[in-house]
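Student:
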Amino acid sequence: MSIRVVGCSHHKAPIAVREQLAFSSAQARNALGRFRQRFADVEAVLLSTCNRVELYTAAETHSPPSREELVGFLADCHDLAPDQIDPYLDDRSGLDAVRHLFEVASSLDSMVVGEPQILAQVKQAYQLATEEGCTGPLLHAAFQAALKTARRVAGETTIHKRRVSIPSVAVADFAQQIFERFDDKRTLVIGAGEMAEETLRYLRAEGVQHVTVVNRSPERAEELAHRWNGRALPWAELPTALAQADLIISTTGASEPIVSASLFRQVEAQRNGRPLFILDLAVPRDFDPAIGDRPNVYLYSVDDLREACQRNRAERDKQLPRALRIIEQEAERFLADLHHRATSPVIRRLHDQWQKPKEEELRRLFNKLPQLDDHARDEIRQAFDRLLNKLLHPPLASLRDEARHGVPHALLDALARLFRLED
Amino acid sequence: MQGYGTVFRLRHLANSHGARRRAMLSRVTVLCFAGSYIVAFALELSRLVFRSSLRGLVMLGFTAAGLVAHTAFLFYQAERINAQLHGVGLPLSSTQHWYLTAAWLLAAMYLFLAISHPQVQFGLFFLPLVLALIGVGHYLADPNPAASPPDPTVWGLIHGISLMLATVAVLVALVAGLMYLGQAQRLKRKAIPPRGLYLPSLEWLQRANGRGLNVGMAMLAVGIVSGMVLNVIYAERHQRFVPWTDPVIVSTVGMFAWLAGCRLAGWAYRPAREGRKVAYLTVVSFVFLVLALAVGLLLETRHSGQRSVRPILQWHAAAGLEERASARGVPAIGLAGPGTTAEVVSPKRPGSPRRIGS
Numbered sequence: 305m306s307i308r309v310v311g312c313s314h315h316k317a318p319i320a321v322r323e324q325l326a327f328s329s330a331q332a333r334n335a336l337g338r339f340r341q342r343f344a345d346v347e348a349v350l351l352s353t354c355n356r357v358e359l360y361t362a363a364e365t366h367s368p369p370s371r372e373e374l375v376g377f378l379a380d381c382h383d384l385a386p387d388q389i390d391p392y393l394d395d396r397s398g399l400d401a402v403r404h405l406f407e408v409a410s411s412l413d414s415m416v417v418g419e420p421q422i423l424a425q426v427k428q429a430y431q432l433a434t435e436e437g438c439t440g441p442l443l444h445a446a447f448q449a450a451l452k453t454a455r456r457v458a459g460e461t462t463i464h465k466r467r468v469s470i471p472s473v474a475v476a477d478f479a480q481q482i483f484e485r486f487d488d489k490r491t492l493v494i495g496a497g498e499m500a501e502e503t504l505r506y507l508r509a510e511g512v513q514h515v516t517v518v519n520r521s522p523e524r525a526e527e528l529a530h531r532w533n534g535r536a537l538p539w540a541e542l543p544t545a546l547a548q549a550d551l552i553i554s555t556t557g558a559s560e561p562i563v564s565a566s567l568f569r570q571v572e573a574q575r576n577g578r579p580l581f582i583l584d585l586a587v588p589r590d591f592d593p594a595i596g597d598r599p600n601v602y603l604y605s606v607d608d609l610r611e612a613c614q615r616n617r618a619e620r621d622k623q624l625p626r627a628l629r630i631i632e633q634e635a636e637r638f639l640a641d642l643h644h645r646a647t648s649p650v651i652r653r654l655h656d657q658w659q660k661p662k663e664e665e666l667r668r669l670f671n672k673l674p675q676l677d678d679h680a681r682d683e684i685r686q687a688f689d690r691l692l693n694k695l696l697h698p699p700l701a702s703l704r705d706e707a708r709h710g711v712p713h714a715l716l717d718a719l720a721r722l723f724r725l726e727d
Numbered sequence: 598m599q600g601y602g603t604v605f606r607l608r609h610l611a612n613s614h615g616a617r618r619r620a621m622l623s624r625v626t627v628l629c630f631a632g633s634y635i636v637a638f639a640l641e642l643s644r645l646v647f648r649s650s651l652r653g654l655v656m657l658g659f660t661a662a663g664l665v666a667h668t669a670f671l672f673y674q675a676e677r678i679n680a681q682l683h684g685v686g687l688p689l690s691s692t693q694h695w696y697l698t699a700a701w702l703l704a705a706m707y708l709f710l711a712i713s714h715p716q717v718q719f720g721l722f723f724l725p726l727v728l729a730l731i732g733v734g735h736y737l738a739d740p741n742p743a744a745s746p747p748d749p750t751v752w753g754l755i756h757g758i759s760l761m762l763a764t765v766a767v768l769v770a771l772v773a774g775l776m777y778l779g780q781a782q783r784l785k786r787k788a789i790p791p792r793g794l795y796l797p798s799l800e801w802l803q804r805a806n807g808r809g810l811n812v813g814m815a816m817l818a819v820g821i822v823s824g825m826v827l828n829v830i831y832a833e834r835h836q837r838f839v840p841w842t843d844p845v846i847v848s849t850v851g852m853f854a855w856l857a858g859c860r861l862a863g864w865a866y867r868p869a870r871e872g873r874k875v876a877y878l879t880v881v882s883f884v885f886l887v888l889a890l891a892v893g894l895l896l897e898t899r900h901s902g903q904r905s906v907r908p909i910l911q912w913h914a915a916a917g918l919e920e921r922a923s924a925r926g927v928p929a930i931g932l933a934g935p936g937t938t939a940e941v942v943s944p945k946r947p948g949s950p951r952r953i954g955s
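Chain order of the listed sequences is A and B.
One point on numbering: in our numbering, the residue at position 5 of the first sequence is 309, and numbering is uninterrupted.
One point on numbering: in our numbering, the residue at position 52 of the second sequence is 649, and numbering is uninterrupted.
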């Protein structure tokens, strides 16, 4: 019985390698089909995200696939030579592999620790493998335990609540504290930087629907607006857009503020005092800092949020040991359960073998004492059951204790020979 | 014969059960529920210091236990006073019970919010107000039931309840306003939420604040109108009325005018109903509320809140109930006909004569 994971992640593999190894959903389905043909008795789950590609395998057989075989399989899927990818791949087995799976599902191994998407990606990967018939009792138990561990980490620590990237902090710790809902709010994007798009991703997850893009280049504004189902406005209409917006994300490369305090005061009257969240991600800043002093205006620059990010990171780091302790506990418990499960055939045989003499003795006794009523017979039967359970308890307890450190092969053999257990 | 015996036994059982229930309820004191609220408040404070997965449940448990004890206390008081008044007059109509009932409403509101928003520390704001209402009610307010005329009118009930609801609504608006100011200040300072202190969004708080003020204003309007009707009825039937210049009336109307003015300004000029302005206006509304309540407690007034139980007994006597009252151990007092003004001494402030008879 073995569990193994071979794969690469953002820790070791550059993005170029990760891109080469990445699987789309259709490719993953195809790869799992090929895996099943090549390794018939081996369970497999393929997890492919933008930050990692990992192949989880588990086998009850005594000869599970080796690292070389699994590396070769991944390379074959992308028509690569194994040597090209081998240096970037990690190989973990047993407790290490289980611990890694639990860390991945709990988002402790993510590039942005605590990001919530990974759990859904792990679930999807497992579901796909199940649909392709690649999973069995071992990986089923492992992934169920991983999901349970992720829930424990989320519930017992604040790691997931502490955002550390600037857009995520801006949305979770500030925008969500100003607005209760986002589906009726108007978002204005000034410029077309990457950070603006990342912020929009977080805002869209919160329900933002109305997006307006203003950019000096109308083509780029159109392009971004099209991607986000929004509308593009010419640069000259910036004051109108400012008056209508509830949230503003600004990322232009302008060398001086594009919205001065005097320009803002002109549009302020049209805003009717509505709260305004401004995320100024540009360096140098796009908004005059004096605008932040206006009533109902909440203006945040990169520096303001960086400080919040650092504090969040420090808070999260304090929680990390606690999260790792949970992972350790759950991984050990899972393996102990797994090893104990390996002893179940012997236990079942032992139990079955002792049932036969018990039934014979009961039959003989009841024949000799025909005057016994049903109640007395039940009592006697229960007494025999209790005796049997008491006799079986010491060997079963010893098996359970030994299973904490691995499958107790020696003890299982000894039991089989002592009690002449037949297959 | 056997049937008569069964009826007798059943009646005896019902009586003994009722007596046991009354004996049990009589043991519930103000300290029982105030103590539960204090423990819940201490637990709420501890959220600022450390995390615990069990605390939320324990806190809700203490609040719920406090609310149950609070309900039992008010129920017992209503029963007791009703028996004392022989069904004439309204139970829980004393100033003391008015405060304790308002505290009950606020505690119930807190429990609802604590269940629906478990992550928000509403208790830090609600529970001190609940405890303050209990404290004022228990130590400062007049415990004697309000006098009721021989022909009690539903307007009195409407008047008392609407003013109580107005008070609770303004207190809820105050809590939302204070939370708004705290949250807005943090956001302006660009600080991340402090550990253990989670407040709702500004949008939610502004909505709660606005609704609290609207309900408060509407209830005040109902209270004022019902008070006017009550005054007219009393003046016509009993030649008794509270002067329009009574401090309680003046302060209540002043508070209503302030709230109505704020809301009108908000409707006419939208920026006046957005943001911190509303929160500050709510704080001023609270000051008006405190003034109105303090006037009722501290100044000479002929408003109902300052009546004593004695005029009720006077009406009992006038209505031929003197014998029943004496039979139940109520001390016999001098008669004064309904509609006349009697002078009594408040048990809370010995030696301070107060004019009664409105």
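By construction, the Cβ of each residue, glycine as well, lies at the ideal position given by its N, Cα and C atoms.
1. So what's D395 (chain A) in DSSP terms, helix, strand or just coil?
2. For chain B, is any of its Cβ atoms less than 7 Å away from the one on E484 (chain A)?
3. Thinking C-alpha only, which one of B:V646, B:G732, B:L645 is nearest I635 (chain B)?
4. With 7 Å as the C-beta to C-beta threshold (strictly closer), list the residues of the stretch 589 to 617 of chain A near chain B in chain order.
5. Taking buried to mean at least 16 other C-beta atoms within 10 Å of its own C-beta, is C354 (chain A) buried or exposed?
6. Straight-line CA distance for R951 (chain B) to A704 (chain B)?
7. What are the boundary residues of the beta strand (DSSP E) that includes F581 (chain A)?
8. So, does the stretch 883 to 895 of chain B touch the stretch 840 to 848 of chain B, judging by three or more C-beta pairs under 8 Å?
9. Check this for me: beta carbons of C381 (chain A) and A335 (chain A), under 7 Å apart or not?
10. What is the residue span of the alpha helix (DSSP H) that T556 (chain A) lies within?
11. Over the uninterrupted alpha helix (DSSP H) stretch that includes S643 (chain B), give me the two end residues.
12. What residue range is occupied by the uninterrupted beta strand (DSSP E) comprising E619 (chain A)?
13. In the DSSP assignment, find the beta strand (DSSP E) that holds R535 (chain A) and state where it starts and stops.
14. Measuring only between beta-carbons, confirm whether S713 (chain B) sits less than 7 Å from chain A.
15. Figure out for me which residue from B:E676, B:Y831, B:I712 has the closest Cα to the Cα of L622 (chain B).
16. What residue from B:W841, B:E833, B:G807 has the CA that sits closest to V822 (chain B)'s CA?
17. Could you tell me whether any Cβ in chain B is nearer than 7 Å to the Cβ of Q388 (chain A)?
18. Going along the chain, which unbroken runs of the alpha helix (DSSP H) with 4 or more residues stay wholly within the stretch 792 to 860 of chain B?
19. Can you tell me which of the three DSSP states Q324 (chain A) falls into?
20. If you scan the stretch 380 to 464 of chain A from start to end, which runs of the alpha helix (DSSP H) of 4 or more residues do you find wholly inside it?
21. Where does A317 (chain A) sit, in a helix, a strand or coil, going by DSSP?
22. For S798 (chain B) and chain A, any beta-carbon pair shorter than 7 Å?
23. Using the beta-carbon of each residue, which ones in chain A are nearer than 7 Å to W801 (chain B)?
24. Considering just the uninterrupted stretch of the alpha helix (DSSP H) at P356 (chain A), what are its terminal residues?
25. Assuming contact is defined by CB atoms lying nearer than 7 Å, are L772 (chain B) and F723 (chain B) in contact in what I supplied?
26. Going by other Cβ atoms of all chains shown within 10 Å of its Cβ, with 16 needed for buried, is Q674 (chain B) buried or exposed?
27. With 7 Å as the threshold, decide whether the Cβ of L784 (chain B) is near any Cβ in chain A.
28. Which residues in the same chain as I595 (chain A) place their Cβ atom closer than 8 Å to its Cβ, once the five residues preceding and following it in sequence are excluded?
29. Taking DSSP as the reference, what is the three-state secondary structure of E572 (chain A)?
30. Could you pull the start and end residues of the alpha helix (DSSP H) that R624 (chain B) belongs to?
31. What residues in the stretch 478 to 512 of chain A bring their beta carbon closer than 8 Å to a beta carbon of chain B?
32. So is I821 (chain B) in contact with chain A if we call contact Cβ pairs under 7 Å?
33. Measuring CA to CA, which of A:F447, A:A720, A:G440, A:A317 is closest to L405 (chain A)?
34. Which whole-angstrom value is the C-beta distance of M816 (chain B) and S759 (chain B), which I expect to be below 8 Å?
35. Return helix, strand or coil for L886 (chain B), following the three-state DSSP convention.
36. Name the chain A residues that come within less than 8 Å of P790 (chain B), Cβ to Cβ?
Tutor: According to the structure data:
1. In the first sequence, counting from the first residue as 1, residue 395 (chain A) sits at position 91. Strand at D395 (chain A).
2. Translated into the one-based positions of the first sequence, residue 484 (chain A) becomes position 180. With 7 Å as the cut-off, E484 (chain A) counts as an interface residue toward chain B.
3. Here residue 635 (chain B) corresponds to residue number 38 of the second sequence, with the count starting at 1. For I635 (chain B), the nearest C-alpha among the options comes from B:G732.
4. Within the stretch 589 to 617 of chain A, the residues whose Cβ lies closer than 7 Å to some Cβ of chain B are P599, N600, Y602, Y604, D608, A612, R615, N616, listed in chain order.
5. The residue you call residue 354 (chain A) lines up with position 50 of the first sequence. Classification of C354 (chain A): exposed, given that the 10 Å Cβ count is below 16.
6. Numbered from 1 along the second sequence, position 354 holds the residue referred to as residue 951 (chain B). Numbered from 1 along the second sequence, position 107 holds the residue referred to as residue 704 (chain B). Below a pLDDT of 50, predicted positions are generally treated as unreliable, and R951 (chain B), at 35, falls in that range; the measurement from the model is reported next regardless. Each residue's alpha carbon lies about 33 Å from the other.
7. Along the first sequence, read from residue 1 onward, the residue named residue 581 (chain A) stands at position 277. Unbroken beta strand (DSSP E) run through F581 (chain A): 580 to 584.
8. The stretch 883 to 895 of chain B is in contact with the stretch 840 to 848 of chain B.
9. Within the first sequence, residue 381 (chain A) is the residue found at index 77, counting from 1. Within the first sequence, residue 335 (chain A) is the residue found at index 31, counting from 1. Against a cut-off of 7 Å, the Cβ pair of A335 (chain A) and C381 (chain A) comes out as a contact.
10. Here residue 556 (chain A) corresponds to residue number 252 of the first sequence, with the count starting at 1. In the DSSP assignment, T556 (chain A) falls outside any alpha helix (DSSP H) and carries neither an H nor an E.
11. Residue mapping note: residue 643 (chain B) aligns to position 46 of the second sequence, counting from 1. Element bounds for S643 (chain B): 627 to 643.
12. As a position in the first sequence, residue 619 (chain A) is number 315, starting the count at 1. Note, E619 (chain A): premise wrong, no beta strand (DSSP E); alpha helix (DSSP H) at 606 to 646.
13. Taking the first residue of the first sequence as 1, we reach residue 535 (chain A) at position 231. Its beta strand (DSSP E) spans residues 535 to 537.
14. Residue mapping note: residue 713 (chain B) aligns to position 116 of the second sequence, counting from 1. False, the Cβ-Cβ gap to chain A never drops below 7 Å.
15. Mapped onto the second sequence, residue 622 (chain B) falls at position 25. When only C-alpha atoms are compared, the closest one is B:E676.
16. Residue 822 (chain B) sits at position 225 when you count from the first residue of the second sequence. Out of B:W841, B:E833, B:G807, B:W841 has the C-alpha closest to the C-alpha of V822 (chain B).
17. Along the first sequence, read from residue 1 onward, the residue named residue 388 (chain A) stands at position 84. Closer than 7 Å: no.
18. 799 to 835
19. Counting from one through the first sequence, the residue named residue 324 (chain A) turns up at place 20. Reduced to three states, the DSSP call for Q324 (chain A) is helix.
20. 386 to 389, 399 to 409, 421 to 435, 441 to 460
21. Taking the first residue of the first sequence as 1, we reach residue 317 (chain A) at position 13. Residue state, collapsed to three classes: coil.
22. For this step, residue 798 (chain B) is matched to residue 201 along the second sequence. For S798 (chain B), the answer is yes, since a Cβ of chain A falls inside 7 Å of its Cβ.
23. Translated into positions along the second sequence, residue 801 (chain B) becomes position 204. Here the neighbours are E484.
24. Taking the first residue of the first sequence as 1, we reach residue 356 (chain A) at position 52. One detail in the question is off: residue 356 (chain A) reads as Arg in this sequence, not Pro. From DSSP, R356 (chain A) is part of no alpha helix (DSSP H) but of the beta strand (DSSP E) over 356 to 363.
25. Here residue 772 (chain B) is taken as the residue at index 175 of the second sequence, counted from 1. Here residue 723 (chain B) is taken as the residue at index 126 of the second sequence, counted from 1. In the sequence under discussion, the amino acid at residue 772 (chain B) is Val, which differs from the Leu named in the question. In contact: V772 (chain B) and F723 (chain B) (Cβ atoms closer than 7 Å).
26. Within the second sequence, numbered from 1, the residue matching residue 674 (chain B) stands at position 77. Looking at its Cβ environment, which holds 16 or more other Cβ atoms inside 10 Å, Q674 (chain B) is buried.
27. In the second sequence, the residue the question calls residue 784 (chain B) occupies position 187. So yes, L784 (chain B) belongs to the interface.
28. Against the first sequence, residue 595 (chain A) aligns to sequence position 291. Correct list, in chain order: V563, A565, F568, I582, V601, L603.
29. For the purposes of this step, residue 572 (chain A) is taken as residue 268 along the first sequence, with counting starting at 1. Residue state, collapsed to three classes: helix.
30. Your numbering for residue 624 (chain B) matches position 27 in the second sequence. Here R624 (chain B) belongs to no alpha helix (DSSP H), and DSSP marks it neither H nor E.
31. Correct list: F478, Q480, Q481, I482, F483, E484, R485.
32. Counting from one through the second sequence, the residue named residue 821 (chain B) turns up at place 224. It does not: the Cβ of I821 (chain B) has no partner Cβ on chain A nearer than 7 Å.
33. On the first sequence, residue 405 (chain A) is found 101 positions in, with the first residue counted as 1. Of the candidates A:F447, A:A720, A:G440, A:A317, the one whose C-alpha sits nearest the C-alpha of L405 (chain A) is A:F447.
34. If you number the second sequence from 1, residue 816 (chain B) lands on position 219. If you number the second sequence from 1, residue 759 (chain B) lands on position 162. Rounded, the Cβ-Cβ distance is 5 Å, consistent with contact.
35. In the second sequence, residue 886 (chain B) corresponds to position 289, counting from 1. The answer is helix: DSSP assigns L886 (chain B) an H, G or I state.
36. For the purposes of this step, residue 790 (chain B) is taken as residue 193 along the second sequence, with counting starting at 1. Chain A residues near P790 (chain B): D477, Q481.
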